[in-house]
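*Asks:* Here you go, one structure.
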Amino acid sequence: MEFDPMLNLVDTLVSPAAISPAIENECRALATRVAEAFQLEGILAVELFLTKKGEVLVNEVAPRAHNSGHHTIEACFTSQYEQQIKILTGLHLGDTSLIMPALMLNLIGEKGYEGEVIIQGLNEIDMRGVYIHMYGKKMTKPGRKMGHVTILGNNKMELLEKAKKIKEKVKIISKK
Numbered sequence: 015m016e017f018d019p020m021l022n023l024v025d026t027l028v029s030p031a032a033i034s035p036a037i038e039n040e041c042r043a044l045a046t047r048v049a050e051a052f053q054l055e056g057i058l059a060v061e062l063f064l065t066k067k068g069e070v071l072v073n074e075v076a077p078r079a080h081n082s083g084h085h086t087i088e089a090c091f092t093s094q095y096e097q098q099i100k101i102l103t104g105l106h107l108g109d110t111s112l113i114m115p116a117l118m119l120n121l122i123g124e125k126g127y128e129g130e131v132i133i134q135g136l137n138e139i140d141m142r143g144v145y146i147h148m149y150g151k152k153m154t155k156p157g158r159k160m161g162h163v164t165i166l167g168n169n170k171m172e173l174l175e176k177a178k179k180i181k182e183k184v185k186i187i188s189k190k
């Protein structure tokens, strides 16, 4: 995940993460320890930070579907939402493997705009592997999460290029 330093929220998430197998194993082990400590049934999002010194830290825990897993709707064989239904209804768990690389981009209210939402440029997004999820919020303000876009692609470069085009075109504003 890449965070907006001014808003202190997720800007983009790329999956799979560009981390070493050793860091991935450390993350998996830490998330498993956290999940076991909660002893719950269902989805548990464990958001981790990797510091510049290489330390893995728990940032946030959420006993529910979470924005750090929104990309799973299109990018995984079983999404976080479908998995939750399977857990609650006693069905066998699904395969959560990644189908292909994905990038989740949050759509955020633009600086300087507050009021009834106007979404600019959404109809200009016509790219293969791009899925738009608007949250139906009627009012916007600077930094408010208004939706997200999941982008599927063959590699990180392709994902970043599509994300850049979307960021340039889509703006969440209001009447001034």
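Here my numbering is used: the first residue of the sequence shown is 15, the next is one more, and so on.
Ideal Cβ placement from N, Cα and C applies to all residues, glycine included.
Going along the chain, which unbroken runs of the alpha helix (DSSP H) with 4 or more residues stay wholly within the segment 154–190?
*Replies:* The segment 154–190 contains these whole alpha helix (DSSP H) runs: 170–183.
*Asks:* State the start and end residues of the unbroken beta strand (DSSP E) segment that holds Gln98.
*Replies:* Segment 94–103 is the alpha helix (DSSP H) holding Gln98; no beta strand (DSSP E) there.
*Asks:* What three-state label does DSSP hand Leu54 in the structure shown?
*Replies:* Leu54 falls in the coil class under three-state DSSP.
*Asks:* Tell me the DSSP secondary structure of Thr26 in three-state form.
*Replies:* Thr26 falls in the strand class under three-state DSSP.
*Asks:* Counting only the same chain and skipping the five closest in sequence on each side, list residues whose C-beta sits under 8 Å from that of Glu61.
*Replies:* Correct list, in chain order: Met15, Val72, Asn73, Glu74, Val75, Ala76, His80, Ser82.
*Asks:* Between Ala177, Ala32, Gly56, Ser34, which lies nearest to Leu102 when the distance is taken from Cα to Cα?
*Replies:* The option with the nearest alpha carbon to Leu102 is Gly56.
*Asks:* To the nearest angstrom, report how far apart Thr164 and His84 are at their CA atoms.
*Replies:* If I take the Cα positions, the gap works out to 8 Å.
*Asks:* I'd like to know whether the C-beta atoms of Ile186 and Met160 end up nearer to each other than 7 Å.
*Replies:* In contact: Ile186 and Met160 (Cβ atoms closer than 7 Å).
*Asks:* Can you find the residues in the same chain that come closer than 7 Å, C-beta to C-beta, to Lys125, ignoring five residues on each side of it along the sequence?
*Replies:* Contacts found: Pro156.
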